[in-house]
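Enquirer:
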Amino acid sequence: MDVLKHAVHTYAARHANRDALALTPVPGLRMMCVESPPGDLHSVYRPLVCLVLQGAKLMTVGREQQVFSAGQSVIVSADMPVVGRIVQASRREPYLAVAVELEMTLLRELAAQLGSVRAQRPSETRTLFAEDTNAAILDCAVRLMRLLDRPDATSLLRPGIMHELHYWLLCGQHGAALRSLADPDSHASRLAAAIAILRTEYRSRILVERLAAAAAMSLTAFHKHFK
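Numbers given in the numbering used here equal positions in the sequence shown, counted from 1, plus 2.
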């Protein structure tokens, strides 16, 4: 953990934007370093896994609210509007986190190979999870970070690391939720289609009927599940 924490702090301190977010040349890899909590941060998350390395963050998705702290991995299993607030950070011990966006094609491929699990009922479907960061996930994150110093190796080594990362997530505590996202007929996957429209056309007036159609749901069902 200390090795990754140092690497994230060093890189983010040099490359973070004014929102304290540091994007990287490694596709899907980004990190955050916050010394002074800025208040609520509104954003639309893609499916991702985020390793909290230091400090703590309150995240709100719809009516669901959780605090995630150092040593935990946050899994967002669908495209979702998220309100985040750093609740533990200081100049001496800033909030540090590294996130990796998940790849739907890879999730579906691995989920098919791993076989089916009990389907989740819509009422069981959640989009925000936390679990203790295990050694396998931590190792994948460390190896992705190392690619920042070896850009020539990224195209060759990143696919294998991502394959391994997705495998460990699917086999983990919340693998069923990720498999639900990988299923194109699941509620999570259908709602993701509607959220994709909101993401790309957020400045435009969008009819609810269009969103319901994208999610292949009736208006009643869409209102029930899209909260």
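For every residue, glycine included, the Cβ atom is placed at its ideal position computed from N, Cα and C. If you're wondering where the values come from, they're calculated on a predicted model, not measured in any experiment.
Pick helix, strand or coil for GLU103, following the three-state DSSP scheme.
Expert: Here GLU103 sits in strand by DSSP.
Enquirer: Please list, in chain order, all residues of the same chain as LEU171 whose beta carbon is under 8 Å from its beta carbon, the five residues on each side excluded.
Expert: VAL51, ILE77, LEU104, ILE139, GLY177 and LEU180, listed in sequence order.
Enquirer: Does the segment 32–44 touch the segment 90–98, meaning 3 or more C-beta pairs lie closer than 8 Å?
Expert: Taking 8 Å as the limit for Cβ pairs, the verdict is that the segment 32–44 does touch the segment 90–98.
Enquirer: In or out: GLY57 buried (at least 16 other Cβ within 10 Å) or exposed?
Expert: So GLY57 ends up on the buried side.
Enquirer: Quick check: what's the CA-CA separation for PRO153 versus ALA198?
Expert: One C-alpha to the other measures close to 30 Å.
Enquirer: Looking at CYS142 and LEU108, is the spacing between their C-beta atoms short of 8 Å?
Expert: Going by C-beta atoms, LEU108 is not nearer than 8 Å to CYS142.
Enquirer: Between GLN115, VAL28 and PHE70, which has its C-alpha nearest ALA99's C-alpha?
Expert: The option with the nearest alpha carbon to ALA99 is PHE70.
Enquirer: Quick one, are the C-beta atoms of PHE131 and SER182 less than 8 Å apart?
Expert: Going by C-beta atoms, PHE131 is not nearer than 8 Å to SER182.
Enquirer: Are the CB atoms of VAL28 and LEU149 within a distance shorter than 8 Å?
Expert: It is a contact, given that the beta carbons lie within the stated cut-off.
Enquirer: With a cut-off of 8 Å on the beta carbons, I'd call ASP134 and GLY73 a contact; round off their distance for me.
Expert: So it is a contact: roughly 6 Å between Cβ atoms.
Enquirer: Locate the alpha helix (DSSP H) running through ALA9, then write down its first and last residues.
Expert: Looking at the DSSP string, the run of the alpha helix (DSSP H) that includes ALA9 is 4–17.
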